[in-house]
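K.L.:
Here the protein sequences come in this chain order: A, B, C, D, E and F.
Read in order, the letters of the first sequence correspond to residues 1 to 137 in our numbering.
Read in order, the letters of the second sequence correspond to residues 138 to 274 in our numbering.
Read in order, the letters of the third sequence correspond to residues 275 to 411 in our numbering.
Read in order, the letters of the fourth sequence correspond to residues 412 to 548 in our numbering.
Read in order, the letters of the fifth sequence correspond to residues 549 to 685 in our numbering.
Read in order, the letters of the sixth sequence correspond to residues 686 to 822 in our numbering.
Here a beta-carbon is modelled for each residue, glycine too, at the ideal position from N, C-alpha and C.
Note that this is a predicted model, so its numbers are computed, not measured.
There's a structure below that I have some questions on.
There are 6 protein chains.
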Amino acid sequence: MMEITRREEFSAAHRLFNPDFSDEENEALYGKCANPHYHGHNYTVEVTLRGPVDPATGMTYNLADLKTAMRREIIDKVDHKNLNEDAAGFMKNRIPTAENIAISIWERLEEHIEAGLLHRVRLFENERNFVDYYGGR
Amino acid sequence: MMEITRREEFSAAHRLFNPDFSDEENEALYGKCANPHYHGHNYTVEVTLRGPVDPATGMTYNLADLKTAMRREIIDKVDHKNLNEDAAGFMKNRIPTAENIAISIWERLEEHIEAGLLHRVRLFENERNFVDYYGGR
Amino acid sequence: MMEITRREEFSAAHRLFNPDFSDEENEALYGKCANPHYHGHNYTVEVTLRGPVDPATGMTYNLADLKTAMRREIIDKVDHKNLNEDAAGFMKNRIPTAENIAISIWERLEEHIEAGLLHRVRLFENERNFVDYYGGR
Amino acid sequence: MMEITRREEFSAAHRLFNPDFSDEENEALYGKCANPHYHGHNYTVEVTLRGPVDPATGMTYNLADLKTAMRREIIDKVDHKNLNEDAAGFMKNRIPTAENIAISIWERLEEHIEAGLLHRVRLFENERNFVDYYGGR
Amino acid sequence: MMEITRREEFSAAHRLFNPDFSDEENEALYGKCANPHYHGHNYTVEVTLRGPVDPATGMTYNLADLKTAMRREIIDKVDHKNLNEDAAGFMKNRIPTAENIAISIWERLEEHIEAGLLHRVRLFENERNFVDYYGGR
Amino acid sequence: MMEITRREEFSAAHRLFNPDFSDEENEALYGKCANPHYHGHNYTVEVTLRGPVDPATGMTYNLADLKTAMRREIIDKVDHKNLNEDAAGFMKNRIPTAENIAISIWERLEEHIEAGLLHRVRLFENERNFVDYYGGR
């Protein structure tokens with residue numbers, strides 16, 4: 001069993017804020033991430049596919065195809081965007097925490113990668129914080 | 138002659154936009170960086186001081202003091218902020234390009250570091266782009 | 275299922291030496307790591323928690339709380355310390371190999387993180403060597 | 412249960428080409444990686460062993476021994492070599508994709524590491540692409 | 549005075565060999581880098597421009613234009629190529645040492661960047677070796 | 686004019702302490718770096734040589750020779766050592782600050798590198814702090 005991983009980056013603004021909570025509750029929960037005028041990150045996303053190696057090609061999946069899918073379905077949708085204001089369809093109105101961005105990336109890729117290959121979405125918010133999502137299993 | 142350097146990071150939103158230009162001119166000049174809802178970066182700032190080594194201490198400057206000055210005068214002012222909306226005093230209303238952020242950092246530090254020691258401000262916007270400012274010399 | 279990870283660093287001295295062995299046996303086993311006057315490393319520790327995402331907050335665990343726990347329970351105990359001489363309580367008198375440091379970190383965090391969330395402690399001794407501990411399971 | 416990992420690097424030339432396919436098919440499948448005069452990479456290989464910690468030594472496996480095995484059985488065989496022309500025995504005439512290089516490394520190490528300890532071979536072709544092989548299980 | 553830097557990568561094969569020397573002399577001079585079947589690297593190139601900041605734009609040079617020039621004049625010429633066999637025009641038949649690759653990059657860019665702006669070409673052969681070229685001054 | 690740089694690493698323990706000062710003065714000056722039982726770092730040292738490119742070899746200096754000199758004259762002297770206790774000759778009894786370690790490296794290399802080539806010694810104490818020494822000029 002082989003896993004292959006491709007890494008891409010995007011830069012985006014976001015703000016953590018739940019409109020069901022008061023400003024004080026948002027501040028207590030999200031700290032400086034609740035700042036109303038947004039802040040931003042250079043996000044790094046790693047997508048891992050898992051499957052057997054095709055003996056004819058020596059590949060589990062063509063990394064050039066994975067790169068194309070990641071750029072078209074993820075990077076073009078969120079790079080140099082505001083995740084709260086510009087990416088409603090991509091984020092499905094979820095609060096743009098690292099966890100929710102990873103879920104949104106997974107759901108988007110799932111429509112474009114053959115069933116069962118998608119194994120993990122890892123999202124780095126910066127060099128110190130990252131999340132791993134393995135799908136709703 | 139010795140140079141000592143300290144590195145810190147901050148995360149901020151920004152937008153490149155000159156109000157003296159039309160929207161079309163801003164778009165032509167700044168591309169996707171002109172997006173009206175902002176985007177953001179994990180910025181890395183390196184501050185370099187230059188001077189002789191004190192034989193009694195073995196140090197050119199106490200790196201603990203440099204760290205304190207950088208956190209108080211730079212990081213606390215811009216981290217998790219919007220450089221267009223929240224940092225008017227710090228940026229002096231300059232367009233927040235990497236070049237102008239470096240100039241603003243230099244001017245701020247110059248008020249707090251002994252004369253002649255400040256040598257270079259390096260600002261990384263991401264892993265691929267950075268600027269070096271050596272003061273108005 | 276989501277995993278979230280936070281990274282911190284500390285700098286410490288250590289020496290690998292088992293008092294039950296002769297000097298020759300220690301030298302044969304640990305090589306230059308047995309040097310009697312110690313050597314040291316910039317250690318990097320990554321702590322991973324595993325659990326569901328709270329739909330109200332969009333978070334598995336508040337990374338600010340994880341940062342606080344890691345700094346108070348790990349970094350403050352070992353940073354700029356000698357793991358053989360200054361950290362007897364933390365290390366429980368284990369030989370300070372990377373494996374044993376990871377176990378000590380796990381045991382310390384287990385007292386401060388809600389049951390079942392702690393998933394992995396990764397400890398880098400340098401850029402070339404690291405260990406992963408998943409608890410005594 | 413503990414996992415320990417050691418990282419090494421090597422630089423090699425390769426070309427992706429299946430002689431059973433036409434030049435057009437190779438070009439369509441492998442793109443610029445099929446260039447007849449080869450290209451090359453700085454590969455990074457991480458080998459992970461998995462097992463219990465020996466209470467007498469505090470180690471799962473002596474990292475000095477793992478380093479020696481990796482240098483003798485991997486790095487000395489492929490560093491500054493052409494994976495298509497100079498490494499027939501190592502690669503067993505497989506097409507030198509990242510997946511197949513990882514399999515070849517696994518098979519080589521399996522002959523030199525105690526049974527059941529070898530857990531994962533991770534191979535980075537560059538900073539953006541890597542594969543993980545867990546053996547034929 | 550401001551310096552701005554852009555980083556790009558390419559992967560190429562090369563061999564260090566001077567046809568005026570005997571095989572023994574080449575081996576003595578270049579070691580394993582003289583291997584006849586080539587080896588390869590992931591090269592990183594950083595191009596630095598130096599000049600004043602335009603107050604209207606806040607920029608020394610448009611980094612998007614520098615990126616375009618670097619990709620068209622450097623990366624497209626050498627990526628996934630053999631520097632000895634496929635890049636005769638680019639390398640001007642120089643031996644493809646790191647020093648000579650940096651000189652070739654400088655000469656190429658000089659034809660496309662406004663006079664006096666080009667300040668430094670830094671070329672990393674790997675994470676441990678790099679060269680800096682400041683032009684023929 | 687060309688500059689070539691080689692990077693190596695070493696791990697060492699140290700303590701910042703001036704015996705001419707009281708314990709309180711050392712604590713005030715060096716903070717936690719004065720801890721009596723030492724702490725340690727993974728140091729990274731970069732040595733830069735500066736000179737013309739030899740047209741016959743395409744090299745300013747043979748990087749293999751620089752690597753050999755750095756390992757023999759620096760790494761073998763300080764790796765897995767205590768800079769206060771085990772390296773009296775190397776450090777010439779200087780307080781082992783980053784500045785003084787860089788000076789000691791410079792003085793050592795100066796005896797083994799052809800006159801005028803040695804340009805800079807850069808020493809990283811960790812990823813956030815580094816010093817550059819250009820000789821006593």
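Which term fits C:Gly363, buried or exposed, when burial requires 16 or more other beta carbons within 10 angstroms of its beta carbon?
P.N.:
So C:Gly363 counts as exposed.
K.L.:
May I ask you to list, following chain order, the residues of the segment 50–65 of chain A that have a beta carbon less than 8 Å from some beta carbon of chain D?
P.N.:
Cβ contacts with chain D: Val53, Ala56, Thr57, Gly58, Met59, Thr60, Asn62, Leu63, Ala64.
K.L.:
Which stretch, first to last residue, makes up the beta strand (DSSP E) that contains C:Leu357?
P.N.:
Run containing C:Leu357: none; DSSP gives neither H nor E here.
K.L.:
Whole angstroms is fine: what's the gap from C:Lys341's alpha carbon to D:Glu414's?
P.N.:
Each residue's Cα considered, the two are about 24 Å apart.
K.L.:
Whole angstroms are fine: how far does the CA of D:Met481 sit from the CA of C:Glu299?
P.N.:
Taking the straight line joining both Cα atoms gives about 24 Å.
K.L.:
Can you check whether the CB of F:Ala698 is closer than 8 Å to the CB of C:Gly314?
P.N.:
The answer is yes: Cβ separation under 8 Å.
K.L.:
Which residues share a DSSP beta bridge with A:Arg6?
P.N.:
Paired residues: A:Val47, D:Asn540.
K.L.:
Give me the Cα-Cα distance between B:Tyr200 and C:Ala361, rounded to the nearest whole angstrom.
P.N.:
First, the amino acid is wrong: residue 200 of chain B is Leu here, not Tyr. Rounded to the nearest angstrom, the two C-alpha atoms are 26 Å apart.
K.L.:
In the segment 5–36 of chain A, which residues sit with their C-beta less than 7 Å from some C-beta in chain D, listed in chain order?
P.N.:
From the segment 5–36 of chain A, only Thr5, Arg6, Arg7 have a Cβ closer than 7 Å to chain D.
K.L.:
Please check if any C-beta of chain E sits within less than 8 Å of the C-beta of B:Val268.
P.N.:
By this cut-off, B:Val268 is an interface position.
K.L.:
Looking at the C-beta of F:Asn727, does it have a partner C-beta in chain B at a distance below 8 Å?
P.N.:
It does not; no Cβ of chain B falls within 8 Å.
K.L.:
Where does B:Met228 fall in DSSP's three states?
P.N.:
If DSSP states are grouped into helix, strand and coil, B:Met228 belongs with the helices.
K.L.:
Please report the straight-line C-alpha distance between A:Glu99 and E:Glu658, rounded to a whole angstrom.
P.N.:
Near 46 Å, if we compare the C-alpha coordinates of E:Glu658 and A:Glu99.
K.L.:
Output yes or no for whether 8 Å exceeds the beta carbon distance between F:Phe695 and F:Tyr728.
P.N.:
Going by C-beta atoms, F:Phe695 is nearer than 8 Å to F:Tyr728.
K.L.:
Along the alpha helix (DSSP H) that carries D:Arg519, what are the first and last residues, could you check?
P.N.:
Its alpha helix (DSSP H) spans residues 509–521.
K.L.:
How would you write the range of the alpha helix (DSSP H) that E:Leu577 sits in, first residue to last?
P.N.:
Where E:Leu577 is concerned, the enclosing alpha helix (DSSP H) stretches over 571–578.
K.L.:
Which same chain residues end up closer than 6 Å to B:Glu145 when comparing Cβ atoms and leaving out the 5 residues on each side of it in sequence?
P.N.:
Counting only Cβ-Cβ distances below 6 Å, and skipping sequence neighbours, we find Val182, Met207, Ile212.
K.L.:
So which residues on chain A does D:Arg505 lean against when the C-beta distance must stay under 7 Å?
P.N.:
Chain A residues near D:Arg505: Gly58.
K.L.:
Run through DSSP, which three-state label would F:Ala754 get?
P.N.:
Reduced to three states, the DSSP call for F:Ala754 is helix.
K.L.:
Across the segment 667–676 of chain E and the segment 594–602 of chain E, are there enough close Cβ pairs to call them in contact, namely three or more that are closer than 8 Å?
P.N.:
Cβ pair count under 8 Å is three or more, so yes.
K.L.:
So, does the CB of A:Asp76 fall closer than 8 Å to a CB anywhere in chain B?
P.N.:
A:Asp76 does not count as touching chain B.
K.L.:
B:Glu247 CB to nearest chain F CB: under 8 Å?
P.N.:
Judged by the 8 Å Cβ criterion, B:Glu247 is not in contact with chain F.
K.L.:
Where does the unbroken beta strand (DSSP E) through A:Arg122 begin, and where does it stop?
P.N.:
First-last of the beta strand (DSSP E) with A:Arg122: 118–124.
K.L.:
F:Glu688 touches chain E at which residues, Cβ-Cβ below 7 Å?
P.N.:
Going along chain E in sequence order, the residues near F:Glu688 (Cβ under 7 Å) are Val679, Asp680.
K.L.:
Since E:Lys629 meets chain G, which of its residues come closer than 8 Å, beta carbon to beta carbon?
P.N.:
Annotation note: the requested chain G is absent from the structure, which comprises protein chains A, B, C, D, E and F.
K.L.:
Quick one: list the residues of chain A neighbouring B:Glu183, beta-carbon separation under 8 Å, in chain order.
P.N.:
Residues of chain A passing the Cβ test: none, with the nearest at roughly 15 Å.
K.L.:
Looking only at its own chain, which residues have a Cβ that is under 8 Å from the Cβ of E:His628, when we skip the five neighbours before and after it?
P.N.:
Within the same chain, E:His628 has close Cβ partners Phe558, Ser559, Ala560.
K.L.:
So that I know if they touch, is there some Cβ in chain E lying closer than 8 Å to that of B:Arg97?
P.N.:
An answer regarding residue 97 of chain B cannot be provided, because it is not within the stretch 138 to 274 covered by chain B.
K.L.:
Distance, Cα to Cα, B:Met196 vs D:Ala439?
P.N.:
Taking the straight line joining both Cα atoms gives about 60 Å.
K.L.:
Tell me the rounded alpha-carbon separation between B:Phe267 and E:Val601.
P.N.:
About 14 Å.
K.L.:
Is the Cβ of A:Glu99 closer than 8 Å to any Cβ of chain B?
P.N.:
For A:Glu99, the answer is no, since every Cβ of chain B falls outside 8 Å of its Cβ.
K.L.:
Cβ of B:Glu244 less than 8 Å from any chain A Cβ?
P.N.:
No, B:Glu244 does not count as interfacial toward chain A.
K.L.:
What does the alpha-carbon distance come out to for the pair C:Ala389 and C:Gly410?
P.N.:
When rounded, the distance between both Cα atoms is 14 Å.
K.L.:
How would you label D:Ser515, buried or exposed, when you count the other beta carbons within 10 angstroms and need 16 or more for buried?
P.N.:
Counting Cβ neighbours within 10 Å, D:Ser515 comes out buried, since at least 16 surround it.
K.L.:
Return helix, strand or coil for C:Asp350, following the three-state DSSP convention.
P.N.:
Three-state DSSP puts C:Asp350 in a helix.
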